[in-house]
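Data first, discussion second: the structure below is written as structure tokens.
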Amino acid sequence: MAGNLLEKIVSLCKRRGFVFPNSEIYGGVRGIYDFGPVGVEMVNNLKKLWWREMVQKRENVVGIDGAIITHPRVWEASGHVKNFTDPLVECQKCHKRFRQDEVKGKKCPVCGGSLSEPKKFNILVEAKLGVLEEEKQTYYLRGEACQTIYLDYENVLRSTRQKIPFGIAQIGKAFRNEITPKNFLFRQREFEQWDMQFFTSPKEMEKWFAYWKKERFLWYQKLLNHKKNIRFREHGPEELAHYAKKAVDIEYKTPFAGWKEWEGIHWRGDWDLSRHGQYSKHDFTYTDPKTGEKFIPQIVETSGGVDRTFLFLLLDAYEEEEREGQKRTILHLHPQLAPFKAAVFPLLANKKELRDKAREVFSLLSPLFMVDWDDNGNIGKRYRRQDEIGTPWCLTIDFKTLKDDTITVRDRDTMQQKRIKIEKLKTFFKENLT
Ligand code: GAP
428 MAGNLLEKIV
438 SLCKRRGFVF
448 PNSEIYGGVR
458 GIYDFGPVGV
468 EMVNNLKKLW
478 WREMVQKREN
488 VVGIDGAIIT
498 HPRVWEASGH
508 VKNFTDPLVE
518 CQKCHKRFRQ
528 DEVKGKKCPV
538 CGGSLSEPKK
548 FNILVEAKLG
558 VLEEEKQTYY
568 LRGEACQTIY
578 LDYENVLRST
588 RQKIPFGIAQ
598 IGKAFRNEIT
608 PKNFLFRQRE
618 FEQWDMQFFT
628 SPKEMEKWFA
638 YWKKERFLWY
648 QKLLNHKKNI
658 RFREHGPEEL
668 AHYAKKAVDI
678 EYKTPFAGWK
688 EWEGIHWRGD
698 WDLSRHGQYS
708 KHDFTYTDPK
718 TGEKFIPQIV
728 ETSGGVDRTF
738 LFLLLDAYEE
748 EEREGQKRTI
758 LHLHPQLAPF
768 KAAVFPLLAN
778 KKELRDKARE
788 VFSLLSPLFM
798 VDWDDNGNIG
808 KRYRRQDEIG
818 TPWCLTIDFK
828 TLKDDTITVR
838 DRDTMQQKRI
848 KIEKLKTFFK
858 ENLT
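Residues 428 to 861 in our numbering are what the sequence shown lists, from first letter to last.
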């Protein structure tokens, strides 16, 4: 299955409403996707989980939500205008361009023509702003979400009671004119990042780098069924980004390209605040209120991809199973991530008493979390539909329910069924969803 697992995920995503190609009726745009009704639930659950982990449960991390467009000087100061480049080679015959690191040898992989020497290609996405055509100025859609955190850093410091060391977290879109967007959500041109920038004194840099490395690894690992498919990889000096003095990737073992980056933990040092200080003529020197020590805050960054996580978790959760002659596809998603926590089935769609009772159950649970309603087809088919979108529990309302107020709760992974009193349902979900 491994070889075509990605194709199966792409097909499932479209068929069941997780992810659609953007502008499909016009032929689509490479590297741009939309989340569908089921996908948006899952991605929102993911973001909520991250926010709870990184902001809500910590006293020393606060959140922001910055704009996508910033002053153009930001990207000069950040080094992206000069350094955010991929080396490209061009075929002299068919004029197709490729990332240099993706072609072997000197021949075009499409037509066999000779390839040019590598040229640098900046991957920032531009936007023009201004009322009059001749006055329009070039701005950039942010190439990495974290830059807004540096721009807001002092406002956060002043408006909260935070003192260094502390962190600022943000979930937000980033844009890159990727030359070869590919592998579905893995490398896109518009995507979302979850970033946390931790501001510390130079003395404590080592300690916090080690701390965040461990925290982030354990958090991702908890979400996986196959715990061996995650590892660390340290960057060699030649592959460090222009802002990083040291970097380690958390990697996932993909079925399409082996180990690939999931999140980067970067030792950014004082690069960002020093550069913004230099370009904006602003002094970012911090005075420690206890010791009086003065320094430019150093930064440990944790920067991961929301869409990439979404894809990796689908790859991890997907299973095809055959039991007693019955085939099914299951997404073994963590219940907190599953788009629907439960699906409610009246056993027979045409029996009013069953439908009314099932509506009662639906109304009881739907204020708490997303519940699906399905009265279409036989129960077996309804189970299959829910397994395929990862719904952990299916609740069937049958004739026994009308007598004793119990319903059948069927577990997605074990397929075991048990009867529970309707009045006990809230407790059941409370216990199983934490
Ligand atoms: N601020 C640091 C930074 O942006 P990065 O390694 O370029 O570092 C961080 O990106 C994360 O963003 C990656 O680990 C990956 O999960 C995600 N990411 C980067 N480029 C992406 C793309 N083209 N499509 C989807 N996700 C991407």
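C-beta: ideal position from N, C-alpha, C; glycine also.
Per DSSP, what are the beta-bridge partners of residue i in this structure?
{"i": "residue 584", "result": "Partner(s): none; residue 584 has no beta bridge."}
{"i": "residue 677", "result": "659, 690"}
{"i": "residue 596", "result": "490, 623"}
{"i": "residue 446", "result": "462"}
{"i": "residue 745", "result": "758"}
{"i": "residue 685", "result": "681"}
{"i": "residue 750", "result": "753"}
{"i": "residue 617", "result": "602"}
{"i": "residue 772", "result": "823"}
{"i": "residue 565", "result": "555"}
{"i": "residue 372", "result": "Limits of the chain in this structure are 428 at one end and 861 at the other, which puts residue 372 out of reach."}
{"i": "residue 863", "result": "Lying before the first or after the last residue shown, residue 863 is absent from the chain, which here runs from 428 to 861."}
{"i": "residue 609", "result": "614"}
Given a threshold of 16 other Cβ atoms within 10 Å of its Cβ, counted over all protein chains shown, does residue i qualify as buried or as exposed?
{"i": "residue 453", "result": "exposed"}
{"i": "residue 496", "result": "exposed"}
{"i": "residue 472", "result": "buried"}
{"i": "residue 664", "result": "exposed"}
{"i": "residue 450", "result": "exposed"}
{"i": "residue 804", "result": "exposed"}
{"i": "residue 768", "result": "buried"}
{"i": "residue 442", "result": "exposed"}
{"i": "residue 724", "result": "buried"}
{"i": "residue 458", "result": "buried"}
{"i": "residue 525", "result": "buried"}
{"i": "residue 470", "result": "buried"}
{"i": "residue 619", "result": "buried"}
{"i": "residue 627", "result": "buried"}
{"i": "residue 674", "result": "buried"}
{"i": "residue 507", "result": "buried"}
{"i": "residue 532", "result": "exposed"}
{"i": "residue 521", "result": "exposed"}
{"i": "residue 561", "result": "exposed"}
{"i": "residue 430", "result": "Low confidence applies here, because residue 430 scores a pLDDT of 49, under 50, leaving its location unreliable and the question unanswered by this model."}
{"i": "residue 876", "result": "Summary: the structure shown does not reach residue 876, with the chain confined to residues 428 through 861, and so no result is reported for it."}
{"i": "residue 814", "result": "buried"}
{"i": "residue 585", "result": "exposed"}
Return the Cβ separation of residue i and residue j in integer angstroms, given the expectation that the two are a contact with Cβ distance under 8 angstroms.
{"i": "residue 617", "j": "residue 593", "result": "So it is not a contact: roughly 30 angstroms between Cβ atoms."}
{"i": "residue 595", "j": "residue 491", "result": "6 angstroms"}
{"i": "residue 799", "j": "residue 818", "result": "6 angstroms"}
{"i": "residue 517", "j": "residue 543", "result": "5 angstroms"}
{"i": "residue 765", "j": "residue 801", "result": "Contact doesn't hold; Cβ gap of about 15 angstroms is too wide."}
{"i": "residue 499", "j": "residue 547", "result": "With 8 angstroms as the limit, residue 499 and residue 547 do not qualify as a contact, their Cβ atoms being about 20 angstroms apart."}
{"i": "residue 846", "j": "residue 821", "result": "Contact doesn't hold; Cβ gap of about 13 angstroms is too wide."}
{"i": "residue 597", "j": "residue 576", "result": "6 angstroms"}
{"i": "residue 778", "j": "residue 828", "result": "Contact doesn't hold; Cβ gap of about 11 angstroms is too wide."}
{"i": "residue 504", "j": "residue 702", "result": "5 angstroms"}
{"i": "residue 795", "j": "residue 856", "result": "7 angstroms"}
{"i": "residue 772", "j": "residue 806", "result": "6 angstroms"}
{"i": "residue 502", "j": "residue 567", "result": "5 angstroms"}
{"i": "residue 825", "j": "residue 835", "result": "7 angstroms"}
{"i": "residue 480", "j": "residue 646", "result": "6 angstroms"}
{"i": "residue 744", "j": "residue 652", "result": "6 angstroms"}
{"i": "residue 867", "j": "residue 528", "result": "Shown here, the chain extends from 428 to 861; a query on residue 867 therefore has no answer."}
{"i": "residue 811", "j": "residue 755", "result": "5 angstroms"}
{"i": "residue 604", "j": "residue 552", "result": "5 angstroms"}
{"i": "residue 791", "j": "residue 781", "result": "Rounded, the Cβ-Cβ distance is 16 angstroms, inconsistent with contact."}
{"i": "residue 541", "j": "residue 519", "result": "5 angstroms"}
{"i": "residue 606", "j": "residue 644", "result": "Incorrect: roughly 30 angstroms between the Cβ atoms, too far for contact."}
Could you tell me whether the Cβ of residue i comes closer than 8 angstroms to any Cβ of chain C?
{"i": "residue 480", "result": "Absent from the structure is chain C; it holds one protein chain and no more."}
inquiry  = Does the contact criterion of 3 or more C-beta pairs under 8 angstroms hold for the region 729 to 744 versus the region 434 to 441?
reply    = Yes, since at least three Cβ pairs between the region 729 to 744 and the region 434 to 441 fall closer than 8 angstroms, the two stretches touch.
Contact between the region 551 to 569 and the region 705 to 717 (3+ Cβ pairs under 8 angstroms) = Three or more beta-carbon pairs separated by less than 8 angstroms are not found between the region 551 to 569 and the region 705 to 717, which leaves the two stretches without contact.
ask   = Mind pulling the alpha helix (DSSP H) runs of 4 or more residues that sit fully within the region 470 to 552?
value = Those alpha helix (DSSP H) runs which fall completely within the region 470 to 552 and span 4+ residues are 500 to 504, 507 to 510.
Completely contained beta strand (DSSP E) runs for the region 781 to 845, where each covers 3 or more residues = Taking only runs of at least 3 residues, the beta strand (DSSP E) segments lying wholly in the region 781 to 845 are 798 to 800, 820 to 824, 833 to 838.
ask   = For the region 623 to 668, which segments carrying the alpha helix (DSSP H) assignment without a break, of at least 4 residues, lie completely within its bounds, in sequence order?
value = Within the region 623 to 668, complete alpha helix (DSSP H) segments of at least 4 residues are found at 632 to 650, given in chain order.
message = Report the start-end ranges of each alpha helix (DSSP H) in the region 688 to 734 that is 4 residues or longer and not cut off at the edges.
response = Listed in chain order, the complete alpha helix (DSSP H) runs (minimum 4 residues) inside the region 688 to 734 are 698 to 707.
query = Is the region 441 to 459 touching the region 604 to 616, taking contact as three or more C-beta pairs under 8 angstroms?
reply = Counting Cβ pairs under 8 angstroms, three or more are found: they touch.
ask   = Is there contact between the region 715 to 729 and the region 749 to 763, where contact requires at least three CB pairs shorter than 8 angstroms?
value = Counting C-beta pairs with one atom in each stretch, the region 715 to 729 and the region 749 to 763 have fewer than three that are closer than 8 angstroms, which means they do not touch.
query = Taking contact to mean at least 3 C-beta pairs separated by less than 8 angstroms, is the region 646 to 657 in contact with the region 671 to 685?
reply = Cβ pair count under 8 angstroms is three or more, so yes.
inquiry  = With three or more beta-carbon pairs closer than 8 angstroms as the criterion, would you say the region 690 to 706 touches the region 726 to 734?
reply    = Two segments are said to touch when three or more pairs of C-beta atoms, one from each, lie closer than 8 angstroms; by this definition the region 690 to 706 touches the region 726 to 734.
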